[in-house]
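Take a look at the structure below.
Residue numbers (our numbering): 619 to 841.
Listed below in structure tokens is the structure:
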């Protein structure tokens, strides 16, 4: 696949290779170096597993790796150990980065909450939706009943926030449910905070709060 990075599986020739293996047309895959098959250790090991499932051997000409030999399988096991280590280190780095970003008050993505829009990775208040959020908190503070609040929201014609996933799937607005309502009422984003639930920490966020501390404190006792 000339001109296409070996870091991706989205390569036309590679896809044809895998299709031919699945069709039983290939016995051995031979490469000059391992990274000519893939530069991702995770993808490489996934393909080796796929080769094994279809009785296909793998040979790297310039490296001592031939899955037909005992030594080749030993080298493969060593590579698998390093790949696992690499994944765990990468996971730890991501967790550390998320923790540091949250400590700085940054929103780390995910489903955009009702009342906000995500603009250049930062939460900005959506004025129309923020009115709905405040109405939810006020009504719950008055009634202490999720059932009554859900009925109230339906009468008003208020809906949940519609969204489009990264893959382009559309999730339309819907009537509020009690479980969805409790998620909103427990979300400290609305008082301008960022939570790190794994560490049990709460930090001041960079975004503007929608609900005042006075209103937040009025509803807390009801849970």
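Just so it is clear, CB atoms sit at the ideal spot from N, CA and C, and this is done for glycine as well.
Treat the numbers as computed from the prediction; the structure is a model and nothing was measured.
Tell me, please, whether the CB atom of residue i is closer than 9 Å to any CB atom in chain C?
i: residue 695; result: The chain inventory of the structure shown lacks chain C, comprising one protein chain alone.
Output the distance between the C-alpha atoms of residue i and residue j, rounded to the nearest integer angstrom.
i: residue 693; j: residue 716; result: 35 Å
i: residue 726; j: residue 835; result: 26 Å
i: residue 682; j: residue 623; result: 24 Å
i: residue 643; j: residue 680; result: 25 Å
i: residue 673; j: residue 636; result: 13 Å
i: residue 788; j: residue 665; result: 33 Å
i: residue 691; j: residue 675; result: 11 Å
i: residue 812; j: residue 719; result: 10 Å
i: residue 629; j: residue 645; result: 21 Å
i: residue 648; j: residue 667; result: 16 Å
i: residue 814; j: residue 751; result: 22 Å
i: residue 795; j: residue 825; result: 26 Å
i: residue 734; j: residue 749; result: 11 Å
i: residue 743; j: residue 695; result: 52 Å
i: residue 809; j: residue 621; result: 49 Å
i: residue 786; j: residue 729; result: 14 Å
i: residue 592; j: residue 713; result: Because the chain is modelled from 619 through 841, residue 592 falls outside the range shown and cannot be assessed.
i: residue 841; j: residue 739; result: With a pLDDT of only 49 at residue 841, under the threshold of 50, the placement of this residue in the model should not be trusted; the figure read from the coordinates follows. Their Cα atoms are separated by approximately 32 Å.
i: residue 684; j: residue 653; result: 15 Å
i: residue 634; j: residue 823; result: 49 Å
i: residue 737; j: residue 762; result: 34 Å
i: residue 659; j: residue 700; result: 9 Å
i: residue 732; j: residue 663; result: 41 Å
i: residue 757; j: residue 703; result: 51 Å
i: residue 760; j: residue 774; result: 17 Å
i: residue 697; j: residue 651; result: 14 Å
Among the options, which has the Cα closest to the Cα of residue i?
i: residue 792; options: 803, 785, 777, 804; result: 777
i: residue 807; options: 785, 645, 723; result: 723
i: residue 657; options: 626, 641, 810; result: 626
i: residue 828; options: 746, 775, 815, 785; result: 746
i: residue 820; options: 826, 832, 805, 830; result: 805
i: residue 661; options: 640, 632, 731, 638; result: 632
i: residue 753; options: 772, 818, 670; result: 772
i: residue 832; options: 774, 699, 755, 826; result: 755
i: residue 655; options: 822, 732, 677; result: 677
i: residue 671; options: 689, 760, 639, 697; result: 639
i: residue 817; options: 803, 758, 721, 763; result: 721
i: residue 641; options: 669, 619, 774; result: 669
According to DSSP, which residues form a beta bridge with residue i?
i: residue 821; result: 812
i: residue 738; result: According to DSSP, residue 738 bridges with nothing at all.
i: residue 789; result: 781
i: residue 648; result: 677
i: residue 743; result: 734
The stretch 790–802 in contact with the stretch 758–776 per 3-pair CB rule at 8 Å: The way I'd put it, the stretch 790–802 does touch the stretch 758–776; three or more beta-carbon pairs between them come closer than 8 Å.
Contact between the stretch 775–794 and the stretch 705–713: three or more CB pairs below 8 Å? Taking 8 Å as the limit for Cβ pairs, the verdict is that the stretch 705–713 does not touch the stretch 775–794.
Could you give the uninterrupted runs of the alpha helix (DSSP H) lying entirely in the stretch 666–736, keeping only those of 4 residues or more? 688–721
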